Amino acid sequence: GDSVTQMEGPVTLSEEAFLTINCTYTATGYPSLFWYVQYPGEGLQLLLKATKADDKGSNKGFEATYRKETTSFHLEKGSVQVSDSAVYFCALVSGSARQLTFGSGTQLTVLP
Amino acid sequence: DAGVIQSPRHEVTEMGQEVTLRCKPISGHNSLFWYRQTMMRGLELLIYFNNNVPIDDSGMPEDRFSAKMPNASFSTLKIQPSEPRDSAVYFCASRAGTDNQPQHFGDGTRLSIL
Chain A
18 GDSVTQMEGP
28 VTLSEEAFLT
38 INCTYTATGY
48 PSLFWYVQYP
58 GEGLQLLLKA
68 TKADDKGSNK
78 GFEATYRKET
88 TSFHLEKGSV
98 QVSDSAVYFC
108 ALVSGSARQL
118 TFGSGTQLTV
128 LP
Chain B
2 DAGVIQSPRH
12 EVTEMGQEVT
22 LRCKPISGHN
32 SLFWYRQTMM
42 RGLELLIYFN
52 NNVPIDDSGM
62 PEDRFSAKMP
72 NASFSTLKIQ
82 PSEPRDSAVY
92 FCASRAGTDN
102 QPQHFGDGTR
112 LSIL
């Protein structure tokens, strides 16, 4: 079945540091890929998505590129802020499953 | 625009009691999802509906859990009888259109069973 493997956290960075959160997947066919973010006490929010190979999703300074050859969708940001502190979830949906398969989440803490 | 609305935000009740969680999806969305989030098991899909019809309830942990969607603007998740191991945050999400469209989540119901 489909699965998503995320870099284990927690990740702690200083403000303005470079962020990478690794995500790899296993899926049948050609899945759509997502990054969601969860701030404390809130539900998940879509951060960005990509629906086909080599697509780059971007939002709020975050980027991720759909790499079919490495089955990866790593999340990056060039300069993190304290307000980026949250839990980040990588997810996919494939034609066979019809619903999201989530990774385990990565807790990010950014220190001033 | 109003997002997905869940109620109550917090629920504390004693073991054995019936618990009902409520969800109002975004207007026009045709799919609705119920999730449970715990530290131990992360985010689990319990059930999802398409056009008010349950499509996949394989994630529902046991017969004590039931979900309904009587119309396009309302869904409930019921636990009867509740047990301490049901304590978790329960999220509802809705989605418009096809499978590769994003899901929109509510802020969740934090459930504590004593």
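If you're matching them up, the sequences are chains A and B in order.
If you use this note's numbering, the first sequence corresponds to residues 18 to 129, in order.
If you use this note's numbering, the second sequence corresponds to residues 2 to 115, in order.
No residue lacks a Cβ here, since even glycine has one placed at the ideal position from N, Cα and C.
Everything numeric in this text was worked out from a predicted model, so none of it was measured.
Inset, instruction - Tell me, please, whether the CB atom of E32(A) is closer than 8 Å to any CB atom in chain B? - result: By one-based count along the first sequence, residue 32(A) stands at place 15. So no, E32(A) is outside the interface.
Inset, instruction - Using the Cα positions of T41(A) and V21(A), report the straight-line distance between them to the nearest angstrom. - result: The residue given as residue 41(A) occupies position 24 in the first sequence. The residue given as residue 21(A) occupies position 4 in the first sequence. Annotation: T41(A) to V21(A) spans about 6 Å, alpha carbon to alpha carbon.
Inset, instruction - Have a look at L112(B), N72(B), A68(B) and flag the residue whose alpha-carbon is nearest the alpha-carbon of N53(B). - result: Your numbering for residue 53(B) matches position 52 in the second sequence. Considering only alpha carbons, the answer is N72(B).
Legend entry - Sub-8 Å separation of C93(B) and Q18(B) beta-carbons: Along the second sequence, one-based indexing puts residue 93(B) at 92. Along the second sequence, one-based indexing puts residue 18(B) at 17. Contact flag unset, no.
Inset, instruction - Helix, strand or coil for P71(B), going by three-state DSSP, please let me know. - result: By one-based count along the second sequence, residue 71(B) stands at place 70. Of the three classes helix, strand and coil, the one that applies to P71(B) here is strand, per DSSP.
Inset, instruction - Sort out for me which residues DSSP pairs A67(A) with in a bridge. - result: As a working note, residue 67(A) is residue 50 in the first sequence. Answer is L50(A).
Inset, instruction - Select from the region 50 to 69 of chain A all residues with a C-beta closer than 9 Å to any C-beta belonging to chain B, and list them in chain order. - result: Listed in sequence order: F51, Y53, Q55, G58, E59, G60, L61, Q62, L63, K66, T68.
Inset, instruction - Measure the beta-carbon distance from L128(A) to S31(A) and round it to whole angstroms, keeping in mind my assumption that it falls under 8 Å. - result: Residue 128(A) sits at position 111 when you count from the first residue of the first sequence. Residue 31(A) sits at position 14 when you count from the first residue of the first sequence. Here L128(A) really is in contact with S31(A); their C-beta atoms are around 5 Å apart, less than 8 Å.
Inset, instruction - Report the neighbours of F90(A) on chain B: residues whose CB is nearer than 8 Å to its CB, in chain order. - result: As a working note, residue 90(A) is residue 73 in the first sequence. Simply none; closest approach about 14 Å.
Inset, instruction - Give me the Cβ distance between G112(A) and K94(A), rounded to the nearest whole Å; I'm assuming they're in contact under 8 Å. - result: Counting from one through the first sequence, the residue named residue 112(A) turns up at place 95. Counting from one through the first sequence, the residue named residue 94(A) turns up at place 77. About 30 Å separates the CB atoms of G112(A) and K94(A); that is not less than 8 Å, and the two are not in contact.
Legend entry - Interface flag, L117(A) vs chain B, CB-CB below 8 Å: To locate residue 117(A), count along the first sequence from 1; it is residue 100. At least one chain B Cβ lies under 8 Å of L117(A).
Inset, instruction - Helix, strand or coil for P64(B), going by three-state DSSP, please let me know. - result: Taking the second sequence and counting its residues from 1, the one referred to as residue 64(B) is at position 63. For the record, residue 64(B) in the displayed sequence is Asp; it is not Pro. Under the three-state reduction of DSSP output, D64(B) falls in the coil class, being neither helix nor strand.
Inset, instruction - Just the chain B side, please: which residues come within less than 8 Å of S121(A) by C-beta, in chain order? - result: For the purposes of this step, residue 121(A) is taken as residue 104 along the first sequence, with counting starting at 1. In chain order, G43 make up the part of chain B whose C-beta sits under 8 Å from the C-beta of S121(A).
Inset, instruction - Name the one or two DSSP bridge partners that L117(A) has. - result: Start at 1 with the first residue of the first sequence, and residue 117(A) comes out as number 100. Looking at the DSSP assignment, L117(A) forms no beta bridge with any residue, so it has no partner.
Inset, instruction - Tell me K85(A)'s beta-bridge partners as DSSP assigns them. - result: Taking the first sequence and counting its residues from 1, the one referred to as residue 85(A) is at position 68. According to DSSP, K85(A) shares a beta bridge with no other residue.
Inset, instruction - With 8 Å as the limit, tell me which residues of the region 23 to 56 of chain B have their beta carbon closer than that to any beta carbon of chain A; keep them in chain order. - result: If the cut-off is 8 Å between Cβ atoms, the region 23 to 56 of chain B has F34, G43, L44, L46, Y49, I56 near chain A.
Legend entry - Neighbour list for F92(B) in chain A, Cβ cutoff strictly below 8 Å: Mapped onto the second sequence, residue 92(B) falls at position 91. Here the neighbours are G60, L61.
Legend entry - Backbone secondary structure at S83(B) - three-state DSSP: As a working mapping, residue 83(B) is identified with position 82 in the second sequence. Correct three-state label for S83(B): coil.
Legend entry - Any chain A beta carbon closer than 8 Å to N101(B): As a position in the second sequence, residue 101(B) is number 100, starting the count at 1. Yes, contact with chain A.
Legend entry - Separation of I114(B) from R86(B), as counted between CA atoms: Numbered from its first residue, the second sequence carries residue 86(B) at position 85. Numbered from its first residue, the second sequence carries residue 114(B) at position 113. Distance from the CA of R86(B) to the CA of I114(B), rounded to the nearest whole angstrom, comes to 8 Å.
Inset, instruction - Assign D64(B) to buried or exposed, taking buried as 16 or more other Cβ atoms, counted over all protein chains shown, within 10 Å of its Cβ. - result: Numbered from its first residue, the second sequence carries residue 64(B) at position 63. Exposed, because fewer than 16 other Cβ atoms sit within 10 Å of the Cβ of D64(B).
Inset, instruction - Classify R57(B) as helix, strand or coil using the three-state DSSP reduction. - result: Translated into positions along the second sequence, residue 57(B) becomes position 56. Per the sequence presented here, residue 57(B) reads as Asp, with Arg not at that position. D57(B): strand per DSSP, three-state reduction.
Legend entry - N- and C-terminal bounds of the beta strand (DSSP E) containing Y56(A): To locate residue 56(A), count along the first sequence from 1; it is residue 39. Careful: Y56(A) lies outside any beta strand (DSSP E) and carries neither H nor E.
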